[in-house]
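A.B. asks:
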Amino acid sequence: MAHRKRTVQLHFMVTEYERELIRQKMEQLGTNNLGAYLRKMAIDGYIVKLDLPELSELLSLLRRTSNNVNQVARRVHQTGNVYDTDLEDISQKQQELWEQMNEILSRLGRVS
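The sequence shown begins at 25 in this note's numbering and counts up by one.
#1: To the nearest angstrom, how far is the alpha carbon of Gln-95 from that of Ser-80?
#2: Report all residues from its chain with a CB closer than 8 angstroms to the CB of Asn-22; omit the five preceding and five following residues, and keep chain order.
#3: Distance check for Val-135 and Gly-59, CA to CA, integer angstroms please.
#4: How big is the Cα-Cα spacing for Thr-103 and Glu-123?
#5: Would you kindly report the start and end of the unbroken alpha helix (DSSP H) that includes Ala-26?
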């Protein structure tokens with residue numbers, strides 16, 4: 025019997041779909057050795073869990089801005105008038121959206 029360096033066997037089940045995803049990732053990497061791939065991923069791979077409360081705030085701000093734009097569009101269609109205060113409010117909300125998005129993108133850029 026051959027002397028093996030690895031003496032502990034691990035066993036786990038996957039669905040057909042998960043097996044196909046693993047096969048696709050192995051293909052992208054250019055390897056056919058399932059054991060080596062799974063060992064490498066289990067030891068050196070990582071899971072990214074993003075905790076971005078700013079994202080909910082960003083979505084809320086986006087909804088409010090969309091509502092404001094819709095209200096202004098309705099008023100313009102009904103009256104033909106555009107009010108500076110409405111445009112200023114939309115502009116301010118757009119600026120807040122960009123600031124929030126830049127913060128999220130900055131945090132995502134630090135993930136490595």
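Here a beta-carbon is modelled for each residue, glycine too, at the ideal position from N, C-alpha and C. The model shown is predicted, which means the values in this text are computed figures rather than measured ones.
C.D. replies: This is what the structure gives:
#1: Here residue 95 refers to the residue found at position 71 when the sequence shown is read from its first residue. Here residue 80 refers to the residue found at position 56 when the sequence shown is read from its first residue. Those two C-alpha atoms are separated by around 23 angstroms.
#2: The question about residue 22 has no answer here: the residues shown for the chain are numbered 25 through 136.
#3: Within the sequence shown, the letter at position 35 stands for residue 59. Within the sequence shown, the letter at position 111 stands for residue 135. Their backbone Cα atoms lie some 28 angstroms apart in a straight line.
#4: Position 79 of the sequence shown, counting from 1, holds the residue named residue 103. Position 99 of the sequence shown, counting from 1, holds the residue named residue 123. In a straight line, the C-alpha of Thr-103 is about 33 angstroms away from that of Glu-123.
#5: Here residue 26 is taken as the residue at index 2 of the sequence shown, counted from 1. Element bounds for Ala-26: n/a, residue is neither H nor E.
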